[in-house]
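In mature numbering (1 follows the signal peptide of the UniProt record, and there is no 0), the protein residues as written are -20 to -1, 1 to 136.
Each residue gets a CB set at the ideal place from its N, CA and C atoms; glycine is no exception.
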């Protein structure tokens, strides 16, 4: 009986600790990346090419459902409107920092205009940032299509 009570107590404590670990407040650096990512979606929607040019590293890579591209191609896609990143609805975001590299995951619904047609897709987006000379630069942006249904009810 005593062992059962101790076992139950340890189980409750371990569950409480695991829940506490998943609800941590982001560090200053993590919050900086989360804020930068949110701003990036707005800059992409507004086609702020000068700002994006400063954010995207010259060696950055971009992976879409149709394949990969480099910075110059991605900038041309945004400028021409081939893809208009109209709105990103972010459901969750997490960031891990390893030295001067940050990896961010976003679970989003992306409303985009592609070839003149508005589409909404569920994506897990992986963003990789590298800190150089005190500033974060994006090194990679990868869209992975999710099988979950689109959650966004209002595409406007």
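Verify whether the separation of the beta carbon atoms of residue i and residue j is less than 9 Å.
i	j	result
residue 92	residue 63	yes
residue 104	residue 85	yes
residue 72	residue 89	no
residue 16	residue 35	yes
residue 100	residue 130	yes
Specify the secondary structure class of residue i as computed by DSSP and reduced to three states.
i	result
residue 39	strand
residue 51	helix
residue 27	coil
residue 94	strand
residue 46	coil
residue 126	coil
What does the alpha-carbon distance come out to for the pair residue i and residue j?
i	j	result
residue 5	residue 19	20 Å
residue 1	residue 7	Because the pLDDT at residue 1 is just 48, under 50, the model does not fix this residue reliably, and the value given afterwards should be weighed accordingly. C-alpha separation (whole angstroms): 13 Å.
residue 108	residue 40	9 Å
residue 44	residue 77	24 Å
residue 54	residue 42	7 Å
residue 46	residue 126	15 Å
Run through the DSSP bridge pairs and tell me what residue i is partnered with.
i	result
residue 87	72 and 104
residue 99	92
residue 132	Residue 132 pairs with nothing; no bridge assigned.
residue 118	36 and 109
residue 81	78 and 110
residue 64	93
Could you give the C-beta distance for residue i and residue j, rounded to a whole number, given that I count them as a contact under 8 Å?
i	j	result
residue 27	residue 38	With 8 Å as the limit, residue 27 and residue 38 do not qualify as a contact, their Cβ atoms being about 20 Å apart.
residue 25	residue 65	5 Å
residue 117	residue 80	Rounded, the Cβ-Cβ distance is 10 Å, inconsistent with contact.
residue 13	residue 102	Between residue 102 and residue 13 the Cβ distance is about 22 Å, and since that is not below 8 Å, they are no contact.
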